[in-house]
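Count along the sequence shown from 1, add 14, and you get the number used in this note's numbering. For every residue, glycine included, the Cβ atom is placed at its ideal position computed from N, Cα and C. Notes follow the structure.
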Amino acid sequence: MEILIWCGAVISLLGLCGLIWCVIRVWRARRAGLDDSAMRAVLSKVLPVNTGALFLSVIGLMVVVLGIMLR
């Protein structure tokens, strides 16, 4: 079950990297001083990635917990 814990940790880490990418992307867009429509365009592109990264992170943590429980 140790492999399950490590796989879950890697999956969760990938999700965390995706979340960090989303934060950096929006931060750069805010610093660029984009107008309202351009900012909405950036946010509409980042939103699905953010949701997917959050889902991936949660699934990874669930796999880690499952691996710990089965240990």
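Open item on the list: Need the endpoints of the alpha helix (DSSP H) that residue 7 sits in, please.
Closed with: Beyond the ends of the chain as shown, which are 15 and 85, falls residue 7; an answer cannot be given.
Task: residue 49 - DSSP class collapsed to helix/strand/coil - done: Numbered from its first residue, the sequence shown carries residue 49 at position 35. Three-state DSSP puts residue 49 in coil, outside helix and strand.
Open item on the list: On the criterion of 16 or more Cβ atoms from any shown chain inside 10 Å, does residue 36 qualify as buried, or is it exposed?
Closed with: Position 22 of the sequence shown, counted from the start, is the residue given in the question as residue 36. Answer is buried; the Cβ neighbour count reaches 16.
Task: Neighbour-count burial assignment, residue 82, 16 or more Cβ in a 10 Å radius - done: By 1-based counting over the sequence shown, the position of residue 82 is 68. Burial call: exposed.
Open item on the list: Buried or exposed for residue 78, going by 16 or more other Cβ atoms inside 10 Å?
Closed with: Numbered from 1 along the sequence shown, position 64 holds the residue referred to as residue 78. With 16 or more Cβ atoms within 10 Å of its Cβ, residue 78 is classed as buried.
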